[in-house]
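One structure is given here, and the rest of the page talks about it.
Number of protein chains: 2
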Amino acid sequence: MTNTAEAEPVADPLPGPRRLDDDALATLFTNARTANTFADIAVSDAELREIWDLAKWAPTSANFQPMRTLFVQSRDARERLVEHMSEGNKAKTLAAPAVAVLAHDRGFHEHLPVTTPHLTGLPEFFAQNEAPRLDAARNNGWLQAGYFVLAVRAAGFAAGPMGGFDSAAIDAEFFPEGGWSSFLVVNIGHPTVDSYRGRLPRLEHENVLRWA
Amino acid sequence: MTNTAEAEPVADPLPGPRRLDDDALATLFTNARTANTFADIAVSDAELREIWDLAKWAPTSANFQPMRTLFVQSRDARERLVEHMSEGNKAKTLAAPAVAVLAHDRGFHEHLPVTTPHLTGLPEFFAQNEAPRLDAARNNGWLQAGYFVLAVRAAGFAAGPMGGFDSAAIDAEFFPEGGWSSFLVVNIGHPTVDSYRGRLPRLEHENVLRWA
Chain A
1 MTNTAEAEPV ADPLPGPRRL DDDALATLFT NARTANTFAD IAVSDAELRE
51 IWDLAKWAPT SANFQPMRTL FVQSRDARER LVEHMSEGNK AKTLAAPAVA
101 VLAHDRGFHE HLPVTTPHLT GLPEFFAQNE APRLDAARNN GWLQAGYFVL
151 AVRAAGFAAG PMGGFDSAAI DAEFFPEGGW SSFLVVNIGH PTVDSYRGRL
201 PRLEHENVLR WA
Chain B
213 MTNTAEAEPV ADPLPGPRRL DDDALATLFT NARTANTFAD IAVSDAELRE
263 IWDLAKWAPT SANFQPMRTL FVQSRDARER LVEHMSEGNK AKTLAAPAVA
313 VLAHDRGFHE HLPVTTPHLT GLPEFFAQNE APRLDAARNN GWLQAGYFVL
363 AVRAAGFAAG PMGGFDSAAI DAEFFPEGGW SSFLVVNIGH PTVDSYRGRL
413 PRLEHENVLR WA
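Keeping their order, the protein sequence lines are chains A and B. Numbering-wise (my numbering), the first sequence opens with residue 1 and increments by one. Numbering-wise (my numbering), the second sequence opens with residue 213 and increments by one.
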């Protein structure tokens, strides 16, 4: 916890973590913005898979990984999607180069023998206890959504996350077999200079940070 | 949505987003790992503030920003914290160079005039409707936790997020005035070569991705 003259020599850290340079921090955080419109440049299925294959590595509770993604690419599917979105989100979602519907899998525990083999009693516990299972699915789904938004940016795209939609209607339309619960829609593409609105304030440290 | 010969010329994108280089992607995602032990190198309060000042910029629903953080630095406070953590998390949390308790603020709506000035009816709505307010606090808190974990890595540290603790007891100990609900504890420091366990599998695309 402290540096002392008696401390053992520290082994060389693994490659990474290393502080990212300012350009990378700007791309991820300090200069990044939610995009409302995009340049007319397609986003390929391979690029969307790469975004997933970045985000998937970030940690979840006991490696649960409950987040799922539906990429809505065809014109027909895009129209069926926006029918259940709020008015202000329809046009930009129809026009976005790519659209991801993020969901959590309420039945994620069926994959526990693969994801979490060391906790052998857990599949049965979650099968019999729906409330903690749905809590884990929902909380870790949102956690992974945070990773996903930053993976979009890390892969060189702008993200436009939106919560204004009828989740139950989208689930009925796209996930009729049940199990997946949509919770965030994310437009993805290359931004232009006029893709962004003014930035809203962030709270001051005195309102959000404490020390003990 | 598609590239056509008739498309208008695209304005130059803003600085960023640009795809990060492979070293940065390794630091954030592909090579990053949850750390269980750390090198004996202190993490300063200024470094912890920088982590916050990265994570705070990533987007939340209508800019709600409900996540709060308690940094537990003193020996006395660290001992009071681990008293409410599961056995397997006590020793590593006592020894970690820095510890962050992530919480969501159930009263985040009191800051809406600052964070979300364009939705003038929302403070009253949330004051009168606790269920959607607590949903927004919880969901966006977990979303911001995803940003926080990646901000720890982007700032050059390793993160050790843990869910094994008695949230109500920690809230009573550290947030006696009410309002903040702890949901994740994150150890922070510089890793050593033996900080990591074996990596657990990630789910295959066929289990997690769909296309429409």
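Even glycine gets a Cβ: it sits at the ideal position worked out from N, Cα and C. The structure presented is a predicted model; accordingly, all values stated were derived computationally and were not measured.
In chain order, what residues of the segment 269 to 292 of chain B put their CB closer than 7 Å to some CB of chain A? TRP269, ALA270, PRO271, SER273, ASN275, GLN277, ARG280, THR281, LEU282, PHE283, VAL284, GLN285, SER286 and ALA289
Does DSSP classify ARG280 (chain B) as helix, strand or coil? For ARG280 (chain B), the secondary structure class from DSSP, reduced to helix, strand or coil, is strand.
Contact belief for LYS304 (chain B) with THR249 (chain B) at Cβ below 8 Å, rounded distance in angstroms: 6 Å
Sort A:GLY107, A:VAL186 and A:ARG153 by Cα distance to ALA24 (chain A) and report the nearest one. A:ARG153
8 Å is my cut-off, CB to CB: does ASN207 (chain A) come that close to chain B? yes
Does PRO9 (chain A) come out as helix, strand or coil in the three-state DSSP assignment? Low local confidence applies: a pLDDT of 38 at PRO9 (chain A) is under 50, so the model's placement there is unreliable, and no value is given.
Would the segment 310 to 318 of chain B count as touching the segment 274 to 282 of chain B if we require 3 or more Cβ pairs under 8 Å? These segments touch.
Any beta carbon of chain A sitting closer than 8 Å to that of HIS316 (chain B)? no
Output, in sequence order along the chain, the residues in the segment 153 to 166 of chain A whose CB is closer than 7 Å to any CB in chain B. ARG153, ALA154, ALA155, GLY156, PHE157, ALA158, PRO161 and GLY163
Does the Cβ of ASP252 (chain B) lie closer than 7 Å to at least one heavy atom of the ligand PLP? Within the structure as shown, the ligand PLP is missing, as the structure has no ligands at all.
Measure from the C-beta of ARG231 (chain B) to each C-beta in chain A and report whether the shortest distance is under 8 Å. yes
Any alpha helix (DSSP H) of 4 or more consecutive residues that is wholly inside the segment 103 to 164 of chain A: 112 to 115, 122 to 128 and 130 to 154
Taking the beta carbon of PHE377 (chain B) as the centre, do at least 16 other beta carbons fall within 10 Å, making it buried, or is it exposed? buried
Mind listing the chain B neighbours of VAL213 (chain A)? Cutoff is C-beta to C-beta under 7 Å, in chain order. Residue 213 (chain A) is absent from the structure shown; chain A starts at 1 and stops at 212.
Could you tell me how far apart the beta carbons of LEU293 (chain B) and ILE382 (chain B) are, in whole angstroms, since I believe they sit closer than 8 Å? 7 Å
Using CA coordinates, which residue listed in B:PHE320, B:LEU362 and B:GLU416 is at the minimum distance from SER273 (chain B)? B:PHE320
Does the Cβ of THR2 (chain A) have 16 or more other Cβ atoms within 10 Å, making it buried, or fewer, making it exposed? With a pLDDT of 33 at THR2 (chain A), under the threshold of 50, the predicted position of this residue should be treated as unreliable, and no value is reported.
The alpha helix (DSSP H) enclosing GLY189 (chain A), as first and last residue numbers: Looking at the DSSP string, GLY189 (chain A) is not in any alpha helix (DSSP H); the run it does join, the beta strand (DSSP E), is 180 to 189.
Quick one: which chain B residues come within Cβ less than 9 Å of ARG133 (chain A)? None at all; the shortest Cβ gap to chain B is about 14 Å.
Is the separation between the beta-carbon of ARG237 (chain A) and that of GLY179 (chain A) shorter than 8 Å? With chain A represented from 1 up to 212, any question about residue 237 (chain A) goes unanswered, as that position is not in the structure.
Select from A:TYR147, A:HIS104, A:ALA158 and A:ARG199 the residue whose C-alpha is nearest the C-alpha of ASP135 (chain A). A:HIS104
Contact defined as beta carbons within less than 8 Å: I believe LEU306 (chain B) pairs with THR115 (chain A). What is the distance between those atoms, to the nearest angstrom? Incorrect: roughly 29 Å between the Cβ atoms, too far for contact.
Taking Cβ to Cβ, would you say ASN139 (chain A) is nearer than 8 Å to TRP269 (chain B)? Contact annotation: ASN139 (chain A) and TRP269 (chain B) have beta-carbon atoms that are not nearer than 8 Å.
Check for me: the beta strand (DSSP E) holding ARG210 (chain A) runs from which residue to which? 209 to 211
Step through the CB atoms of chain B and report whether any lies within less than 8 Å of the CB of VAL259 (chain A). The structure shown does not extend to residue 259 (chain A), since chain A is modelled only from 1 to 212, so the question has no answer here.
Following the continuous alpha helix (DSSP H) through LEU203 (chain A), name the residue where it begins and the one where it ends. First-last for LEU203 (chain A): undefined, no H or E at that position.
Could you check the C-alpha separation between THR30 (chain A) and LEU266 (chain B) for me, to the nearest Å? 6 Å
Comparing the C-beta of ALA169 (chain A) with each C-beta of chain B, is any distance below 8 Å? no
Simplified DSSP state of VAL294 (chain B), which is helix, strand or coil: Three-state result, VAL294 (chain B): helix.
Please identify the residue among B:VAL405, B:PRO403 and B:GLY368 whose C-alpha is closest to the C-alpha of ILE263 (chain B). B:GLY368
With a threshold of 8 Å between beta carbons, is THR2 (chain A) in contact with chain B? Here the model assigns THR2 (chain A) a pLDDT of 33, short of 50, so the residue's position is not dependable, and the following value carries that caveat. Yes, its Cβ sits closer than 8 Å to a Cβ of chain B.
Between A:ASN207, A:VAL185, A:ALA158 and A:VAL149, which lies nearest to ASP194 (chain A) when the distance is taken from Cα to Cα? A:ALA158
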